[in-house]
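Under UniProt numbering, read the sequence shown as residues 1 to 473, first letter to last.
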Amino acid sequence: MTAKPRRLVVVSNRVADFNAKFQTGGLAVALGDTLKASHGVWFGWSGDVTEDAVSTAPKVENVEGLTVATIDLTPEEAEGYYYGYANRCLWPALHYRLDLAKGNEAHSEIYFNVSARFADALMPLVGPDDLIWVHDYHLIPLAEELRGRGCTARIGFFLHTPFPSPEIFAAVPGQKRLGNALMVYDVVGFQTCSDRDNFRRYVAASLDGEQLRGDRIAAQGETTLASVFPIGIDATAFRKLAESESAKGPLLPDLGEDMKTIIGVDRLDYTKGLPERLRAFETLLEDFPEHRGRVRLVQVAPPTRETLPVYQEIREEVERLVGRINGRFGDLRWTPVTYLHRGVPQDILTRLYRESAVGLVTPLRDGMNLVAKEYVAAQAPQDPGVLVLSRFAGAAEQLREALLINPHDINEMARALDRALTMPRQERWARHNRLWQRIETYDLDTWRDSFIQTFAASDSDPVNLFPKKLGAA
């Protein structure tokens, strides 16, 4: 008789949008069917801010066949937890930007208190046999709060961002509370071997931890399993969508058969390296004049966290650079940079990917970066484009056949763009074929199943996708 699957409870800052069209990736796709099959619950912040949020019970509703439970936040909680400590302090620090990390003791306390309130609201909804999967840096303290309320269910955590070097993380205000809170989880999952190794070294250096058998580590009276689970996409579904969309004909205006397109798709965030990317494109046109009038950069950059001054500054810098490049090199027939400061539907994005000779993915730091994988999946197998990828994106650990670049080196990026634009078809095909095999193998289902199998087990080694690096401590 087949054992009944354990119920999955997913907790994240915001619940996923299950009504979005053409989804081929993301948490909604990865976890939706599993939640439905196990009669699970997705719990998170509603996105609403109300004065009486603390006294209001969770709102529980059925969305597309699964149970979604949400709570509101007070204005003080939204400011201190989300806009404050999580996104003014943790987000920049996790991406190696200590210069932008603004610590505030009041915000830090609110951040920890919101996890306590999440735990209060979640406890009546969970049972001892459930698997509670907590996502990302917003909710690091949640397992500690749940355990303090008597929760005996297994609790796993997955960090979607990078985990920085131990020296960087040790500089974060409140870092020991965060480190101790992470140790309470049964499993802590990371995107890359580098992230996992940074965490292990941090635990050893700052929490007096020790390495146990396999990926297990111990510190402060707690033991956790720290392992690697690189998130993927539904590569097969994405390829099928790209094929069906390409049958509709070209999306971009026809400027002649010699015109090639470089595509960039990123939230307008300072971690994505957009100013450096634009300067590299400008340098390409300066140093390789044969590309003038024959290449265009299409940059899609939807807004994010626009209320924070640093995001307003990055938008101003990007728009200034776009104007400078177009004014300097453009003419009546050719606009070098097409810039869209808004979101684009997934079906349109797949057509843009497929029509582009180069996918330009150059974050200064990134946990994974699924745009890189989407670009690969969308390519025509017999005549694919070339992926130019930052070596500081988590995806670079898997996508080694891309042209890997240092996004801080403008001239290196420009040379890589020239190489990508002139690469022979046979080399493009060989690189793409290996990239495709990897994203097809390590897809979204593999990520989900390996994590759930690992933290559902009571005392086993992880169902790991990658071995430890040789020489890793």
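Even glycine gets a Cβ: it sits at the ideal position worked out from N, Cα and C.
When we look at the beta-carbon of Arg-154 and count the other beta-carbons within 10 Å, is it buried (16 or more) or exposed?
-> It is buried - the Cβ of Arg-154 has at least 16 other Cβ atoms within 10 Å.
First and last residue of the uninterrupted beta strand (DSSP E) at Tyr-339 = 337-340
What is the DSSP secondary structure of Phe-288, reduced to helix, strand or coil?
-> coil
Which runs of the alpha helix (DSSP H) spanning at least 4 residues fall entirely within the region 53-105, listed in chain order?
-> Counting only runs of 4+ residues, the alpha helix (DSSP H) found wholly inside the region 53-105 occupies 91-94, in chain order.
Apart from the five residues just before and just after Val-134, which ones in its own chain have a Cβ nearer than 6 Å to its Cβ?
-> Val-11, Leu-142, Phe-157
Just curious, the beta strand (DSSP E) that His-432 is in, first and last residue?
-> Careful: His-432 lies outside any beta strand (DSSP E), inside the alpha helix (DSSP H) at 425-441.
Rounded separation between Leu-360 and Ile-262 - CA only | Their backbone Cα atoms lie some 7 Å apart in a straight line.
Use the C-beta contact count for Leu-178: other C-beta atoms within 10 angstroms, 16 or more gives buried, fewer gives exposed.
-> Label assigned to Leu-178: buried.
Exposed or buried, Arg-428, counting other C-beta atoms within 10 Å across all chains shown (16 or more means buried)?
-> buried
Bridge partner(s) assigned by DSSP for Glu-222 = Ala-219
Please name the residue, chosen from Glu-316, Val-295, Lys-240, that lies closest to Thr-338 on a Cα-to-Cα basis.
-> Looking at the Cα atoms, Val-295 is the closest of the given residues.
Near Pro-303, what residues of its chain come up, given a Cβ to Cβ distance below 7 Å and the 5 sequence neighbours on each side ignored?
-> Leu-268, His-341
Under the three-state DSSP convention, the category Asp-48 falls into | strand
For Asn-198, I'd like the list of residues in its chain whose CB is within less than 7 Å of its CB, leaving aside the five on either flank, ordered along the chain.
-> Once the five neighbours on either side are set aside, the close Cβ partners of Asn-198 are Phe-163, Pro-164, Ser-165, Pro-166.
Limits of the unbroken beta strand (DSSP E) element including Leu-403 | 403-405
Compare the C-beta of Ser-227 against all C-beta atoms of chain D and say whether one is closer than 8 Å.
-> Judged by its chain identifiers, the structure shown contains no chain D, having just a single protein chain.
Expressed to the nearest angstrom, what Euclidean distance is found between the alpha-carbon atoms of Val-9 and Ile-140?
-> 16 Å
Report all residues from its chain with a CB closer than 6 Å to the CB of Ser-282; omit the five preceding and five following residues, and keep chain order.
-> This sequence places Glu at residue 282; Ser is not what is there. Within the same chain, Glu-282 has close Cβ partners Ile-325.
Counting only runs of 4+ residues fully inside the region 360-390, write out the alpha helix (DSSP H) ranges in chain order.
-> For the region 360-390, whole alpha helix (DSSP H) runs of length 4 or above, ordered along the chain, are 370-378.
Check Arg-324 in the structure and name its three-state DSSP category.
-> Helix, per DSSP.
State the DSSP-derived secondary structure class of Lys-36, mapped to helix, strand or coil.
-> helix
Per DSSP, what kind of secondary structure is Trp-447 in: helix, strand or coil?
-> In the three-state DSSP reduction, Trp-447 falls in the helix class (H, G or I).
Using a threshold of 7 Å, is the CB atom of Ala-101 nearer than that to any non-hydrogen atom of the ligand NAP?
-> Of ligands this structure carries none, so the ligand NAP is not represented either.
Using beta-carbon positions only, say whether Ala-16 and Ala-28 come within less than 8 Å of one another.
-> yes
Quick one: measure Cβ to Cβ for Leu-241 and Asp-347, integer angstroms, because I've assumed they're closer than 8 Å.
-> 7 Å
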